[in-house]
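Reading the first sequence from the start, the letters are residues 8 to 444 in this note's numbering. Right, one structure below, let's go through it.
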Amino acid sequence: MIKAVRGTRDLLPPETAMWNFVEETARDVFRAYNFQEIRTPIFESTELFARGVGEETDIVAKEMYTWEDRSRKSPLTDAPHEAAADVLGGGQSLTLRPEATAGIVRAYIEHKLWDRGLNKLYCIGPMFRRERPQKGRYRQFYQIDAEIIGPASAGSDSPARDAELLEMLATLLDRLGIAGWNLELNSVGCPNDREAFNQALRKALEPVVGQMCADCQRRAVTNPLRVFDCKVPADQPIIEKLPRISQFLDEPCRRHFDEVQQILTKVGIPFSLNDRLVRGLDYYTRTAFEFTHGALGAQNAILGGGRYDGLSEALGGPPAPGIGFAIGEDRLVMSLPQSAESVLKKPDVYVAALGTGMNGEAARLARELRRENLVVDLGDEGFRLKKSFEAATRAGAKYILIVGENEVKADAFALKNLASGEQVSVPRGELAQKIRA
RNA sequence: GUGGGAAUAGCUCAACUGGCAGAGCACCGGACUGUGGCUCCGACGGUUGCGGGUUCGAUUCCCGUUUCCCACCCCA
């Protein structure tokens, strides 16, 4: 048997109803904040992620699905079409997107979206990372992503945008009925701050790193910021004494962060400061945040994001400050309180054809009712009435409509409420109204 | 990539120390040919994840492998 490959999965009904519920709610909330949809390709030039996400990140260094595309022309017969193409293989290096922001910023640059002022964009779709699967983590997973990006003259670097985005997220989680979320907030400053902080951190680690766990010794070399992620109890007293990024923020960054907090407080969004919150992608600046949820095990981050004021320039574009987030849709669906059954749209009526020659009559009635925007399921004239009832009950239909010889002759049909058992004869023209009532 | 656990019917799970692979639910049919849910009866359903080894005999023991789950790493 051929099975879905490791880390991928089929989403089946009724669970897909939950996904539709989440996506419809998200679109609805985004609309209220004047965000518009953008759809970018699910594969891009490898270089985009190397430069955007960062060569040193785990994502780029070991988790991407990357392959070499076939060359347009054989290198034996002619020069490669693409100047950038590898001379030997001829093909361009392509990668399945591991995250959405880089592609959106690429589109921003490619289509000169700064001409439109401030862009508020969202994107829903699959991402791909080759990690070891576990609960809430898949190799093909889905993100709901939104970005605010534009020239600084359009206000893209304003703390008001950070606060607006965070308030929107709180609204979305509330609308979905997700209780018990926690917003953790930090500022990772601008590149200068980070540089100074990194130096101070390395210096502070030097005398103590020998006493720390093996992971921390490795982090101290590769990415000192990640030392703050350590959960080993013995290391905590040491980590407590390390310098914090908050001590290295320059005046503009400090003011920016203060303003974000003030607005959030004013609009009543609860948050907690976490100066150990560091993010794994190189492009983050200033505001960094995570919404966590208890019921997700080790993968407790339901969404995360932050500001990326230098990303456009890193990709060869003009200055374009921005802020965005990615929701792990798989994890969001897992933390929903509703059952799949409860969000599933059940048929209003099951049309039961009864007896030879009734399929046509039933189809005609079903067509009329569907044109009235009712959800209609349709049986088969070969079914005995008992079987039609069972099928209607299983489908969760509200009514069953019997289409037999007697009914057709009278042009009035037996309509039975499956829950109450009440049955009435209804003329053809009044069916839709009666069912909807 | 590292460590641990698991895998038996569509689903949830049994099968004593290595001795005929089972149950409940679901599904299909009948009791009941135009009135469902309840009840009763019957039928269907299996390469015991896959491959090898030990043995007279393997779901059971051993080795390998795949996948899932848990944790690490990291992230959404």
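Beta carbons are placed, not taken as given, at the ideal position from N, Cα and C, and that holds for glycine.
Ends of the beta strand (DSSP E) at residue i?
i, result
"C4", "Outside the displayed span of the chain (8 to 444) sits residue 4, for which this structure offers no information."
"K416", "Per DSSP, K416 belongs to no beta strand (DSSP E); it is in the alpha helix (DSSP H), 412-417."
"V112", "Taken as a continuous stretch (DSSP letters only), V112 belongs to no beta strand (DSSP E), being part of the alpha helix (DSSP H) at 108-117."
"D65", "Run containing D65: none in the beta strand (DSSP E); it sits in the alpha helix (DSSP H), 65-69."
"E154", "147-156"
"A360", "356-360"
"E75", "73-75"
"S100", "100-103"
"D17", "Taken as a continuous stretch (DSSP letters only), D17 belongs to no beta strand (DSSP E), as it is neither H nor E."
"L120", "No beta strand (DSSP E) holds L120; DSSP gives it neither H nor E."
"L385", "383-385"
Output yes or no for whether 7 Å exceeds the beta carbon distance between residue i and residue j.
i, j, result
"Y129", "E44", "yes"
"A439", "E379", "yes"
"A24", "A399", "no"
"G335", "Y315", "no"
"T53", "T73", "yes"
"S285", "F235", "In the sequence on display, residue 285 carries Val and not Ser. Yes. Within cutoff."
"V274", "E174", "yes"
"P250", "A207", "yes"
"M219", "D242", "yes"
"G331", "G312", "yes"
"E154", "I116", "no"
"A333", "Q141", "no"
"G59", "G187", "no"
"A419", "P434", "yes"
"R283", "G143", "no"
"V215", "A227", "no"
"L183", "T32", "yes"
"K127", "F42", "yes"
With residue i as the anchor, note down where its alpha helix (DSSP H) starts and where it stops.
i, result
"S52", "From DSSP, S52 is part of no alpha helix (DSSP H) but of the beta strand (DSSP E) over 50-52."
"L438", "438-443"
"S395", "392-402"
"L271", "258-274"
"W26", "22-39"
"I252", "Premise fails: I252 is in no alpha helix (DSSP H) and is neither H nor E."
"L376", "365-377"
"A432", "The residue you asked about is not Ala; residue 432 is Ser in the sequence shown. Not the alpha helix (DSSP H): S432 falls in the beta strand (DSSP E), residues 430-434."
"V350", "347-350"
Tell me the rounded alpha-carbon separation between residue i and residue j.
i, j, result
"T178", "D169", "14 Å"
"D355", "E368", "19 Å"
"A360", "I442", "18 Å"
"D265", "V383", "55 Å"
"E412", "V350", "37 Å"
"A402", "K353", "7 Å"
"T294", "I156", "14 Å"
"L280", "I246", "17 Å"
"G436", "A444", "14 Å"
"E397", "L408", "13 Å"
"Q147", "R16", "8 Å"
"E375", "K416", "18 Å"
"V12", "F298", "30 Å"
"V239", "L288", "23 Å"
"Y290", "L101", "21 Å"
"L372", "K405", "17 Å"
"T108", "F296", "15 Å"
"Q254", "C260", "11 Å"
"D85", "F56", "Legend: pLDDT at D85 = 46, less than 50; position of this residue unreliable, no value from coordinates given."
"L18", "K394", "29 Å"
"E429", "R377", "23 Å"
"W26", "P344", "13 Å"
"G14", "I66", "16 Å"
"E213", "T64", "23 Å"
"L3", "R123", "No answer is possible for residue 3: the residues shown for the chain start at 8 and end at 444."
"H263", "Q269", "10 Å"
"D76", "E70", "19 Å"
"F204", "E171", "28 Å"
"R225", "A68", "16 Å"
"V223", "A327", "Checking the sequence shown, residue 223 turns out to be Cys, not Val. So the alpha carbons of these two residues sit roughly 35 Å apart."
"A161", "K119", "14 Å"
"I49", "G61", "19 Å"
Could you check how far apart the C-beta atoms of residue i and residue j are, in whole angstroms? I think they sit under 8 Å.
i, j, result
"G389", "Y357", "15 Å between Cβ atoms; not a contact."
"F135", "R113", "With 8 Å as the limit, F135 and R113 do not qualify as a contact, their Cβ atoms being about 17 Å apart."
"P325", "L190", "Wrong, their Cβ atoms sit about 32 Å apart, outside the cutoff."
"R209", "P231", "6 Å"
"L125", "S163", "6 Å"
Sequence ranges, beta strand (DSSP E) only - wholly within the region 164-240, length at least 3
189-194
Which full runs of the alpha helix (DSSP H) of 4+ residues lie inside the region 282-335, going along the chain?
318-321
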